[in-house]
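Per our numbering, residue 100 is the first one in the sequence shown, and the count goes up by one each step. Ideal Cβ placement from N, Cα and C applies to all residues, glycine included.
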Amino acid sequence: MTISGGNKKLLEEAIYGIKKGAAGGILLVVAGNIALLTAKLLAWLVVPKVLGVIEYGYYKTFTLYLVYAMMLHFGFSDGILLLYGGKDYHDINQKEFRVYTKFFIKFQMIISAMIIIISLTAFQGMKCYTFCMIGVDALFANLSTYYKFISQAVMQFRKYTLRNIIQALMQIVVLGIMVALSKLDVLELNGEIYILSIVLIDVALLAWYMITYKDLTFGKADSFKKYLPNIKKIFEVGILLTISYQIAHLIFVLDSQMVEVLFDITTYSMYAFAYSIANMITAIISAIATVMFPSLKRLEVQDAVSKFSMLMATVSVIVFLLLTAYFPLTFFVKWFLPDYVSSLDYLQIIMPGLALSSCINLIIFTYYKVLNQLKQYLFISFGILLTGGTLNFGGYILYHDPIVFSIASIITLLIWYLCSSRYLSRSFHTRWRINFVYVLLEMLVFYMVNIVWNNSWKAMLIYFMGFTMTTCLIYKNYVSDVLHKYRK
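Shown next as structure tokens:
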């Protein structure tokens, strides 16, 4: 891909803006994400092994439905991010935020109590325990999200990073203690105990957040009535983003959700394990979205739009580079976690879709927020949800095999990528076609390598060669210009 003189100028401005603005924040958040990723990696290695297939399935059911409960802030946390994103911490009114904090705590306590009461009356056994713990953890998780979004809004990335590091350390310590007690026959590690440990970690993280932002939590607050109009505005601004998040989440987990509902716990455990591995690939680059929104919001529209193509290319290249890890991961699963070998059938299908989902979730969605196009994003996503549901149901009726859901998820992501990118292109003249061609070529390389050489070291080498050739073919001049400007 060649770069014209005008585009070179835009590229220079984009690189300069990243250097001066978000680059430091990205590096900080990446550091925290690496620590958190290390803890998740240890959990990924140990938890499935220690819990076993059935108990691991219960744990993944907890995490699947917890995400829904975490949307029950009804837009308040998202409204805080949208209204205060890009502001400095010392510019916000502390007494005003104490009103927001105290209101939100009481509001979430009511929501949590309702979930617990419904769970006690609607379910029995392990399902009752799972949903009760979801109700408990929803309180702590949603309040932590509120504080996390404050950190992002006012660009206090050091605190955000420290929180991730603390979370990582706690996960490692708790997991180590539980495994040690299990080995000593003091404790039998099962799904119930591990779910409880996750809730306790969230309690500790919330306590840390409340202490860190004590000026926004404790002390004298202004009158609630005085800020009632502001609270209503926060809900009104944020609810659209929350619904967009929810629909996007439903699209991303539609196949997993259908496997959980339509198949037994063992099958769901295998399917969920495949996604656990896949999510490890994208965890490290999630830092981009964390700092991108407040950074881009400070820019003029044209300046923000000029960065779109470069960011899409960056995310895509990183994801496909990380996909090289798929091949040694398959060997590791066969050696260390032989009970989960059947999950590899799903994994080889969903892995290339990470490039699509990462571009949608990290870049495209962020631009819809920055450009105030959430209604359009919601409309597009709702259509994609219906399309994905139709593909999944149709596939299930024809084949009754979970593998159909994996294939349907890739087709759904392709349609979603196309529709959401084309709208931005028509309305704001963003460039996306080159990136889409690159993604399609890399996906084709990955699938062909797996079909012909089937998870061997030779397959890894050939995939990496194919990745390198495709990247150089599509982005050679682009990458050269980026590296040249950074050297300056």
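Q. Excluding sequence positions up to five away, which residues of its chain have a Cβ less than 7 Å from the Cβ of residue 572?
A. Locating residue 572 in the sequence shown gives position 473, counting from the first residue. Hits under 7 Å: none found.
Q: Measure how close the beta-carbons of residue 407 and residue 521 come, nearest whole angstrom, since I'm counting them as under 8 Å.
A: Residue numbering aside, residue 407 sits at position 308 when the sequence shown is read from its first letter. Residue numbering aside, residue 521 sits at position 422 when the sequence shown is read from its first letter. Residue 407 to residue 521, Cβ: 13 Å. No contact.
Q) Counting pairs of beta carbons, one from the stretch 426-442 and one from the stretch 137-152, are three or more of them closer than 8 Å? A) yes
Q | residue 362, DSSP secondary structure in three states | A | Stepping through the sequence shown from its first residue, residue 362 is reached at position 263. Coil, per DSSP.
Q | Nearest-angstrom Cα separation, counted from residue 169 out to residue 282 | A | Taking the first residue of the sequence shown as position 1, residue 282 is located at position 183. Taking the first residue of the sequence shown as position 1, residue 169 is located at position 70. Computed Cα separation, rounded: 34 Å.
Q: Using three-state DSSP, classify residue 189 as helix, strand or coil.
A: On the sequence shown, position 90 is the one that residue 189 refers to. In this structure, residue 189 counts as helix in the three-state DSSP scheme.
Q) Among the residues of its own chain, which have a CB less than 6 Å from the CB of residue 565, if the five just before and after it don't count? A) Here residue 565 corresponds to residue number 466 of the sequence shown, with the count starting at 1. Here the set comprises 544.
Q: Classify residue 321 as helix, strand or coil using the three-state DSSP reduction.
A: The residue you call residue 321 lines up with position 222 of the sequence shown. Three-state DSSP puts residue 321 in coil, outside helix and strand.
Q) alpha helix (DSSP H) containing residue 539: first to last residue? A) As a first step, residue 539 must be located in the sequence shown, where it is residue number 440. Note, residue 539: alpha helix (DSSP H), 532-552.
**Q.** Helix, strand or coil at residue 559 according to DSSP, with G and I counted as helix
**A.** If you number the sequence shown from 1, residue 559 lands on position 460. Helix.
Q) Quick one: Cα of residue 192 to Cα of residue 435, how far? A) As a first step, residue 192 is located in the sequence shown; it is residue number 93 there, counting from the start. As a first step, residue 435 is located in the sequence shown; it is residue number 336 there, counting from the start. One C-alpha to the other measures close to 53 Å.
Q: Compare the Cα-Cα distances from residue 183 to each of 231, 208 and 329 and report the closest residue.
A: As a first step, residue 183 must be located in the sequence shown, where it is residue number 84. Ranking 231, 208 and 329 by Cα distance to residue 183 puts 329 first.
Q: Spatial neighbours of residue 305 within its chain, please: CB distance less than 7 Å, with the 5 preceding and 5 following residues excluded, ordered by chain position.
A: Residue mapping note: residue 305 aligns to position 206 of the sequence shown, counting from 1. Cβ within range, chain order: 239, 242 and 243.
Q) For residue 450, does the three-state DSSP call read helix, strand or coil? A) Here residue 450 refers to the residue found at position 351 of the sequence shown. Note: residue 450 maps to coil in three-state DSSP.
Q.
Counting C-beta neighbours from all protein chains within 10 Å, is the total for residue 471 16 or more, i.e. buried, or is it exposed?
A. Translated into positions along the sequence shown, residue 471 becomes position 372. Per the 10 Å Cβ criterion, exposed.
Q. Counting Cβ pairs, one atom from each stretch, are 3 or more of them under 8 Å apart for the stretch 472-486 and the stretch 408-423?
A. no
Q | residue 161 vs residue 294 beta-carbon contact at 7 Å | A | Sequence index remark: in the sequence shown, residue 161 carries index 62 (1-based). Sequence index remark: in the sequence shown, residue 294 carries index 195 (1-based). Yes, the pair counts as a contact, with Cβ atoms nearer than the cut-off.
Q | Unbroken alpha helix (DSSP H) run spanning residue 174, endpoints | A | To locate residue 174, count along the sequence shown from 1; it is residue 75. Here residue 174 belongs to no alpha helix (DSSP H), and DSSP marks it neither H nor E.
Q) Looking only at C-alpha atoms, which of 284, 332 and 231 sits nearest to residue 149? A) Start at 1 with the first residue of the sequence shown, and residue 149 comes out as number 50. Residue 284 is the option with its Cα nearest to residue 149.
(Q) Nearest by alpha-carbon distance to residue 346: which of 487, 447, 439 and 332 is it? (A) If you number the sequence shown from 1, residue 346 lands on position 247. Here the closest residue by C-alpha is 487.
**Q.** Collapsed DSSP secondary structure at residue 529 in the structure displayed
**A.** In the sequence shown, counting from the first residue as 1, residue 529 sits at position 430. If DSSP states are grouped into helix, strand and coil, residue 529 belongs with coil.
Q: Please classify residue 553: is it buried, with 16 or more other beta-carbons within 10 angstroms of its beta-carbon, or exposed?
A: The residue labelled residue 553 in the question sits at position 454 within the sequence shown. Burial call: exposed.
Q) Going by other Cβ atoms of all chains shown within 10 Å of its Cβ, with 16 needed for buried, is residue 588 buried or exposed? A) The question about residue 588 has no answer, for the chain in this structure spans 100 to 587.
Q. Would the beta-carbon of residue 218 fall within 7 Å of that of residue 237?
A. The sequence position of residue 218 within the sequence shown is 119, counting from 1. The sequence position of residue 237 within the sequence shown is 138, counting from 1. In this structure, residue 237 does not lie closer than 7 Å to residue 218 by Cβ.
Q | C-alpha gap between residue 562 and residue 548, whole angstroms | A | Counting from 1 along the sequence shown, the entry for residue 562 is found at position 463. Counting from 1 along the sequence shown, the entry for residue 548 is found at position 449. So the two alpha carbons sit approximately 6 Å from each other.
(Q) On the DSSP letters alone, give me the boundaries of the alpha helix (DSSP H) that residue 283 sits inside. (A) Position 184 of the sequence shown, counting from 1, holds the residue named residue 283. Looking at the DSSP string, residue 283 is not in any alpha helix (DSSP H), and its letter there is neither H nor E.
**Q.** Three CB pairs or more closer than 8 Å across the stretch 309-326 and the stretch 436-444
**A.** no
Q: Would you please state the rounded distance, in angstroms, between the beta carbons of residue 202 and residue 337? I believe it to be under 8 Å.
A: What you label residue 202 is simply residue 103 of the sequence shown in a count that begins at 1. What you label residue 337 is simply residue 238 of the sequence shown in a count that begins at 1. Their Cβ separation, rounded to whole angstroms, is 14 Å, which puts residue 202 and residue 337 out of contact at 8 Å.
Q. Taking the continuous alpha helix (DSSP H) assigned at residue 417, which residues delimit it?
A. As a position in the sequence shown, residue 417 is number 318, starting the count at 1. That run of the alpha helix (DSSP H) goes 407-421.
Q. What separation, rounded to the nearest whole angstrom, lies between the Cα atoms of residue 454 and residue 535?
A. Looking up residue 454 in the sequence shown gives position 355. Looking up residue 535 in the sequence shown gives position 436. The straight-line gap from Cα to Cα measures roughly 10 Å.
Q: Drop a sphere of 10 angstroms on the beta-carbon of residue 318, count the other beta-carbons inside from all chains shown, and report buried for 16 or more, exposed for fewer.
A: Within the sequence shown, residue 318 is the residue found at index 219, counting from 1. Exposed: under 16 other Cβ atoms inside 10 Å.
Q | Cut-off 6 Å between Cβ atoms - residues of its own chain near residue 542, not counting five sequence neighbours on either side | A | Taking the sequence shown and counting its residues from 1, one reaches residue 542 at position 443. Contacts found: 451.
Q.
Let me confirm a value: residue 279 is counted as buried when at least 16 other C-beta atoms fall within 10 Å, else exposed. Which label applies?
A. Taking the first residue of the sequence shown as position 1, residue 279 is located at position 180. Label assigned to residue 279: exposed.
**Q.** Pairwise C-alpha distance: residue 137 and residue 264
**A.** By 1-based counting over the sequence shown, the position of residue 264 is 165. By 1-based counting over the sequence shown, the position of residue 137 is 38. Each residue's alpha carbon lies about 10 Å from the other.
Q: Can you have a look at residue 333 and say buried or exposed, based on whether 16 or more other CB atoms are within 10 angstroms of its CB?
A: In the sequence shown, the residue the question calls residue 333 occupies position 234. Buried, since its Cβ has 16 or more Cβ neighbours within 10 Å.
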